[in-house]
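Reminder that position 238 of the sequence shown reads as 362 in my numbering, one-by-one numbering, no gaps.
Backbone N, C-alpha and C fix where the C-beta goes; we use that ideal spot for every residue, glycine too.
None of the values given here were measured: they were computed from a predicted structure.
First up is the structure itself, then whatever we jot down about it.
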Amino acid sequence: MPQPVAGLAATSAPPTSLSSFYGQALDSLELSDPVLHGLLGDELDRQRETLALVASCSPVTPAALVAEGSFFANVTAEGYPGRRFHAGCVNVDKVEQLAIDRAKNAFGARYANVQPHSASTANQVVMTALLRPGDPILGLDLDAGGHLSHGASVNASGRVFTAHSYGLGPDGLIDYDEVRAAALEHRPRLLIAGTTAYPRTIDWAAFRAIADEVGAFLLADITHIAGLVVAGLHPSPMEHAHVVTTCTHKQLYGPRGGLILLGESADMTLPGGRTLEQTMQAGVFPLIQGAPVVNSIAAKAYALGAARTPAFTETMHRVRTLAAELSDALIRRGIRVISGGTDNHIVVADVLTSFGITGVNAEKALEECGILVNKNRIVGDTHSARVTSGVRFGSNSMAARAFDSADVAEIAGLVVEILSATKSTSPTTYALDPSVRTRAQEEVQEMCRRRPIAGY
Ligand code: DSN
């Protein structure tokens, strides 16, 4: 006889509702694995008690977490709705179709694939499906705020394809003349427009004109700004790019995972006779992935539906306003902000010029006080990616805590106070004035209690 899984045996009766299922599941976790249960509790406390200003995340809406933690995880479902390779997909088909419909609605897309495990995987799909090994690609340099999967030498995209890059101008802005010159020189088959640390609006039409001039496909990776795009607060690339990719966790308050979206280009016929839509469909499965993560797709469905609500639009307005206010407040205090401000959720500060400390030391000193950011290279940086001269702030989580202008002013003041009291003893070691640290920790704790993360 099979033995009951430890912990599950502790439940006295089968759950009679969804809420009793989740309640009993949590009880069984506590009974069967108190160590892991304890770590869950510790992490919840850590997230409640720190101010996360890391630009590449947002707190997942609790309802989406429930969907992601659901029994849809039990289903193997290779294929697509109505065309599976396994039985038992009646509800899986409905949930995947729901996510597809909501993705199309949110982004104004003609086609959506909700199966990519991440935006990096989505980018891998696009490149592998459209290009041949060795084909030239052109993307923003990783050190200038590009992404690993856009052709970095340490990533498969930079090994399988012949990767070239463009940088940023001395003002920290994309120089479209430089992009064009690089495209004319390297004749890429794929031009990639997308960034991880770029605080300004991206001109999709300019990218498309360059792509057309050299006969390249244009990939727009909107991972960082997906929420602003859905809310109409950043121009949409849907009518310009051949393919759009994004993740669902950075600015959609959804699960970790990716999407591939197509606009008018969906019907475009490629050499070989397939349309772009058919190429992306086959590119995800079976070219790169096998069975999808259905529980993640369920959570994507939730997040994509929520992204069309007035409350989400209001949150995105707050995301943008808070970032602009943070940028202004830092500049008023004499801090050098790259590009002189922000149009989105990102603020990049030059801490080396402003405080004489490296990015890694600034990150660590702020973390000691409960403010979480990430070290970030800046234009002309002489330090490596592990050291850097800058830090990147993001406002997604501040918005989820319903921060207002006074809160942002308080954070800016704290950041400046902490970094002014931090002295580099080497590029990777520092000393922070203990009295400043204690006072800042107390103030951060008080802010976190005053402004809890919605739903946490
Ligand atoms: N792309 C990295 C970032 O922006 O932080 C990780 O998602």
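Applying the 10 Å Cβ sphere with the 16-neighbour rule, what's the burial state of Ala233?
Only buried fits Ala233, as 16 or more other CB atoms lie within 10 angstroms of its CB.
C-alpha distance - Ala329 paired with His366, whole-angstrom precision:
If you draw a straight line from the Cα of Ala329 to the Cα of His366, it is about 12 Å long.
Exposed or buried, Ala305, counting other C-beta atoms within 10 Å across all chains shown (16 or more means buried)?
So Ala305 counts as exposed.
8 Å Cβ cutoff met for Ala427 and Thr185:
Yes, the Cβ-Cβ distance between Ala427 and Thr185 is below 8 Å.
Residue from Asn468, Val461, His507 with nearest C-alpha to Gly483
Gly483 has its Cα closest to that of His507, out of Asn468, Val461, His507.
Classification of Ser281 by the beta-carbon crowding that lies within 10 angstroms, buried from 16 upward
Looking at its Cβ environment, which holds 16 or more other Cβ atoms inside 10 Å, Ser281 is buried.
If you check the beta carbons only, do Gly518 and Ile470 fall under 8 Å apart?
Against a cut-off of 8 Å, the Cβ pair of Ile470 and Gly518 comes out as a contact.
Inside the stretch 529–570 only - beta strand (DSSP E) runs reaching at least 3 residues:
Taken in chain order, the whole beta strand (DSSP E) runs of length 3 or more contained in the stretch 529–570 are 546–550, 553–556.
Between which residues of its own chain and Asn419 is the CB-CB distance below 6 Å, once the five residues before and five after are set aside?
Here the set comprises Glu192, Ser194, Phe196, Ala197.
Can you list the alpha helix (DSSP H) stretches of 4 or more residues lying completely in the stretch 232–262, in chain order?
As far as the stretch 232–262 is concerned, its whole alpha helix (DSSP H) runs of at least 4 residues are 243–254.
Of all the options Ala530, Ile316, Thr552, Ile495, which has the alpha carbon lying nearest to the alpha carbon of Arg170?
Of Ala530, Ile316, Thr552, Ile495, the residue nearest in Cα terms is Ile495.
Check Tyr580 in the structure and name its three-state DSSP category.
It is coil, neither helix nor strand.
Using the C-alpha atoms, what's the distance from Ser180 back to Ala287?
About 24 Å.
I'd like to check one pair, Val475 with Ala321: are the Cβ atoms closer than 8 Å?
Val475 sits away from Ala321, with the two beta carbons spaced by 8 Å or more.
Sorted by chain position, which residues of the same chain lie with C-beta nearer than 6 Å to Glu363's C-beta, five sequence neighbours on each side aside?
Gly387.
Can Asn247 be considered in contact with ligand 3, in the sense that its beta carbon sits closer than 7 Å to one or more heavy atoms?
For ligand 3, the structure offers nothing, since it holds only ligand 1.
According to DSSP, is Cys572 part of a helix, a strand, or is it coil?
Note: Cys572 maps to helix in three-state DSSP.
Which one or two residues does DSSP pair with Leu383 in a beta bridge?
For Leu383, which the question treats as bridged, DSSP gives the partners Thr370.
So, under 8 Å CB-CB, Val443 and Asn237 are touching, yes? Tell me the CB distance rounded to an integer number of Å.
The Cβ separation is near 26 Å, so there is no contact.
For Ser289, which beta-bridge partners are listed by DSSP?
In the DSSP output, where bridge partners are listed per residue, Ser289 has Gly263.
Exposed or buried, Ala555, counting other C-beta atoms within 10 Å across all chains shown (16 or more means buried)?
Here Ala555 is exposed: its Cβ has fewer than 16 other Cβ atoms, across all protein chains shown, within 10 Å.
Check whether chain B comes within 8 Å of Ser273, counting only Cβ atoms and requiring the distance to be less than that.
The chain inventory of the structure shown lacks chain B, comprising one protein chain alone.
Selection from Gly537, Thr549, Asp295 that minimises the alpha carbon distance to Arg563
The option with the nearest alpha carbon to Arg563 is Gly537.
Just to confirm the assignment, what range does the beta strand (DSSP E) spanning Asp345 have?
Per DSSP, Asp345 belongs to the beta strand (DSSP E) from 341–345.
May I ask you to report which of helix, strand or coil DSSP gives Val115?
Since the first and last residues shown for the chain are 125 and 580, residue 115 lies out of range.
Evaluate the contact criterion for the stretch 377–394 versus the stretch 238–248: three or more CB pairs, one atom per stretch, below 8 Å.
They touch, by the three-pair rule.
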